[in-house]
Structure formats: structure tokens, C-alpha cells
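Undergrad: Chains as they are written, first to last, in this note's numbering: chain A, 842 to 984; chain B, 14 to 141.
Every residue, glycine too, gets a C-beta built ideally from N, C-alpha and C.
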Amino acid sequence: MLTLWTDFDRSFDSVDSMLRRFDRFFEQGFPRGGILDATRDSRLVETENEVVLTADLPGVRAEDVEINVHDGTLTVEANRTPAAPEGYEASRLERPELRIAQTYSLPAPVDPERASASLTNGVLTVRLEKAPDARPRRIAVRS
Amino acid sequence: MSTALSKTETPTAPTAAPDRRPFLSPPVDIFRGENGWLIRADLPGVTPDDLSVDLHENRLTIEGRRPTGPEGEAQFGRPEIAGYRRTLIVPDVVDADAIDASLVDGVLELTLPRDQRTRSRRIAVNAN
């Protein structure tokens, strides 16, 4: 089969990149830069007893992530610098360099001492237990 | 926005409870080497069990599903997505039997060796 062009050709790369940028613009409203696009790549969920953040950090190592809880906010900092493999030259680079410093307002007071974080399959999960005062409490009704 | 999202959804066989979460097109890096190509794709949240890489003729399709996140009231961020899907047209000279795939920290790495039989070689010209 004769193939006039492939996705590996550099010549069509610029056209395709432009089309992808258009697609992203219409999907997300703005192109993705080198920072975490918090509306696209992370999700903050409030459950009964916890506030849970999941953030996509593909290719980021655990030692390159810093998490801080301070004054009703959660801050996530992370880095990745995609390196070209040895012996290869790049013909298309879409994966962004990541330099993330994202702050989230927490929807409820949390206990910073009871927080946990894990990085699995390129997804960061931060679990923050709500402060005892912020949790729903069942009040026994006396008959 | 809904039109743009539905565009990325490829029609699939209807199921009892259709999954309305969209698929996104993952960003890829493509590198060219002497003996072939190397592709990296960001597929955060996808496990090897939920990933398929198929080569049909010269169409390489990457599809990864990701599990749903924690249940609860979403305060912020994107809606849940079903996963990632992307098709790349690869050169005809890729050796389909020798493609290798690995998934580490949410990044898929594929090596596509050039078919040895089609590699360019110098042909000696005999004089007389």
C-alpha cells in the first residue's frame, strides 16, 4: 500500500499540531501550555469525611511532587522535563514540559495531620480528612 | 462544547448502559532513530490491563480506559473521562511483529523497529 504521508513525517507536523490546537481550543477553551491545566487535569471532590484531589501527572516521579496544606488551601507543585531518548531525534513533540504550581481552595476545614498522598499510574491522589467539626454528625433523638 | 466532545467519541456498539464519559486524544511525542521509531503518550490513570495497542495495516490505535475517580460532590475540575484514544498512521516499513510496549507512571512507550528487510542498503555494482 502506498502511503503518501504518515503521522511520523515532520513535514505535516506543523499542520497537525495546528489542527490539534484548534481542537483543544474548542474542547477546552484554550490551548494547553507547560502548566497543569487545573480544569482539565485535576478534580477536587468532597465526600462525607474527606476532600480528595486527583491530578494527572504522567511521567512525574514522586520525589518531584510537593504538596502543602495551609490556611484552607491545598497547593501542588510538580515538575517533569520530558527527555529525548538517546540515539533518537524528535519528529513530533506534543507532551508538554510540566511546571506546576496549582492552589486549590478547600471546600471544608481539614486536619492537616491526617492527610495522605499517593502517585499511581501517573495520577496523584491527595486525601485530606475533614476536621471533626466539619463532618456531618448524627444526633441521636431521644424518644 | 458538547459538540466538540462528541466529535472525539467514536461510535461504538450500543450497550445497555451507555458510558457517556468522553475519550480524550492524548498528546504524543514521536522520535526517529536509526533502527526505528519511539512513541511516548501520556495516559495517566490507565493500567496495563485497560490498555490496548492495535496495529491494523498502517493504523496504530492506542486506547486506554481509566477507572472512575472518588465518588462525591465535585467541587472543581473536569468531568470524568472514559479514557484516551488516538490513531496514528505509521510508516509501512514498521516491523509489526517486533513492536514493544511498556507503561510506566502513566506514560506509554512504544518502540517500532524498522523492518530489517526494507532497510536501505547499498547495492554493489559489478563491473562487466
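#1: When the Cα atoms are used, what is the spatial distance from A:ALA958 to A:ASP905?
#2: Going along the chain, which residues of the stretch 914-932 of chain A sit with their C-beta nearer than 8 Å to a C-beta in chain B?
#3: Identify the contact partners of B:ALA87 in chain A, using a Cβ-Cβ distance below 9 Å as the criterion.
#4: Using a Cβ-Cβ cutoff of less than 8 Å, which residues in the same chain neighbour A:ASN920 once the five nearest sequence positions on both sides are dropped?
#5: Listing by chain order, which chain B residues have their CB less than 8 Å from the CB of A:GLU935?
#6: Under 7 Å Cβ-Cβ, which residues of chain B neighbour A:VAL881?
#7: So, does the stretch 41-61 of chain B touch the stretch 912-919 of chain A, judging by three or more C-beta pairs under 8 Å?
#8: Going by the C-beta, is B:ARG130 closer than 7 Å to any heavy atom of the ligand GDP?
#9: DSSP state of A:ARG933, grouped into three classes?
#10: Roughly how many angstroms separate the alpha carbons of A:ARG913 and A:ASP882, rounded to a whole number?
#11: Please identify, using Cβ separations under 7 Å, the residues of the stretch 59-78 of chain B that lie next to chain A, in order along the chain.
#12: Do you know offhand how far B:GLU70's Cα is from A:ASN962's?
#13: Specify, as a first and last residue, the run of the beta strand (DSSP E) that B:SER151 falls within.
TA: Working from what's here:
#1: A direct Cα-to-Cα measurement between A:ALA958 and A:ASP905 gives close to 13 Å.
#2: Only PRO923, ALA925, PRO926, GLY928, TYR929, GLU930, ALA931 and SER932 from the stretch 914-932 of chain A bring a Cβ to less than 8 Å from some Cβ of chain B.
#3: Neighbours of B:ALA87 in chain A, taken as residues at a C-beta separation under 9 Å, are given in chain order as ARG884, LEU885, VAL886 and GLU887.
#4: So the qualifying residues of the chain are VAL901, ASP905, LEU939, ARG940 and ILE941.
#5: For the C-beta of A:GLU935, the chain B residues within less than 8 Å are, from N- to C-terminus, PRO40, VAL41 and ASP42.
#6: Contrary to the premise, residue 881 of chain A reads as Arg rather than Val in this sequence. The answer, in chain order, is ARG91.
#7: In short, these stretches do not touch, since the Cβ pair count stays below three.
#8: Because no ligand of any kind appears in the structure shown, any question about the ligand GDP cannot be addressed here.
#9: In the structure shown, A:ARG933 sits in a strand (DSSP, three-state: E or B).
#10: Residue 913 of chain A is actually Gly in this sequence, not Arg. Each residue's Cα considered, the two are about 21 Å apart.
#11: If the cut-off is 7 Å between Cβ atoms, the stretch 59-78 of chain B has VAL59, THR60, GLU70 and ASN71 near chain A.
#12: The alpha-carbon atoms of B:GLU70 and A:ASN962 are separated by roughly 30 Å.
#13: With chain B covering only 14 through 141, there is no way to say anything about residue 151 of chain B.
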